[in-house]
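Read left to right, the sequence shown gives residues 1338 to 1489 (the working numbering).
A virtual CB, placed ideally from N, CA and C, is assigned to each residue, including glycine.
Working notes for the structure below.
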Amino acid sequence: MANILINKQLMAVKLDLRTKEEVLSALSDKLCTLDLVTEDFQKHLLEREESFPTGLLASIPLALCHTEAQYVKRGAMCAASLLHPVEFHEMGNPDGIVKVEIVFLLALNDPKEQVSWLKKMASIFKDETALKAIKDAPSAEVLAAFLSSVLS
């Protein structure tokens, strides 16, 4: 499985935003700042979220967002715990609303890696202890270290 960048610059703890567009823009800005994605990554990310919602009902509701590999220069993952739940439409049920508390943004530059990374992420989503550790991480450094350890 390809190596993707997970570091403190790509994490946000207790992000104080109110809409999914604000959250996804803030996270994609982190990727842009580090020149990991193309300039139009954010536009395509927001469009994909509208067409293929990513809200998931887990023990702590979350969203797993991504867009096509052609907008990614280097594989990376952003993650954020949210100060307030933010509404995302539910994956597989666009009429459903999920009040998300954690957002993951995968930027994968190899489309063949998508399924293996989604499987890896699914193991975290089923683990209430892991989700609680992500939601309660006191800093971006702690969040990045935790995700690096569970995803390695």
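Using alpha carbons as the reference points, say which of 1483, 1437, 1431, 1389 lies closest to residue 1396.
Nearest of 1483, 1437, 1431, 1389 to residue 1396, Cα basis: 1437.
In whole angstroms, what is the alpha-carbon distance linking residue 1413 and residue 1406?
Approximately 11 Å, taken between the alpha carbons.
Count the C-beta pairs between the segment 1426-1434 and the segment 1453-1467 that are closer than 8 Å, then say yes if the count reaches three, no if not.
Judged by Cβ distances under 8 Å, the segment 1426-1434 makes no contact with the segment 1453-1467, as fewer than three pairs qualify.
Report buried or exposed for residue 1475, applying the criterion of at least 16 other Cβ atoms within 10 angstroms of its Cβ.
Per the 10 Å Cβ criterion, exposed.
For residue 1471, the first and last residue of its enclosing alpha helix (DSSP H)
Segment 1465-1472, the alpha helix (DSSP H) holding residue 1471.
If I follow the unbroken beta strand (DSSP E) through residue 1351, where does it start and stop?
Counted as a single uninterrupted DSSP element, the beta strand (DSSP E) harbouring residue 1351 occupies residues 1348-1352.
Alpha carbon to alpha carbon, how far is residue 1401 from residue 1442? Give it in angstroms, no decimals.
Pairing residue 1442 with residue 1401, the inter-Cα distance amounts to about 6 Å.
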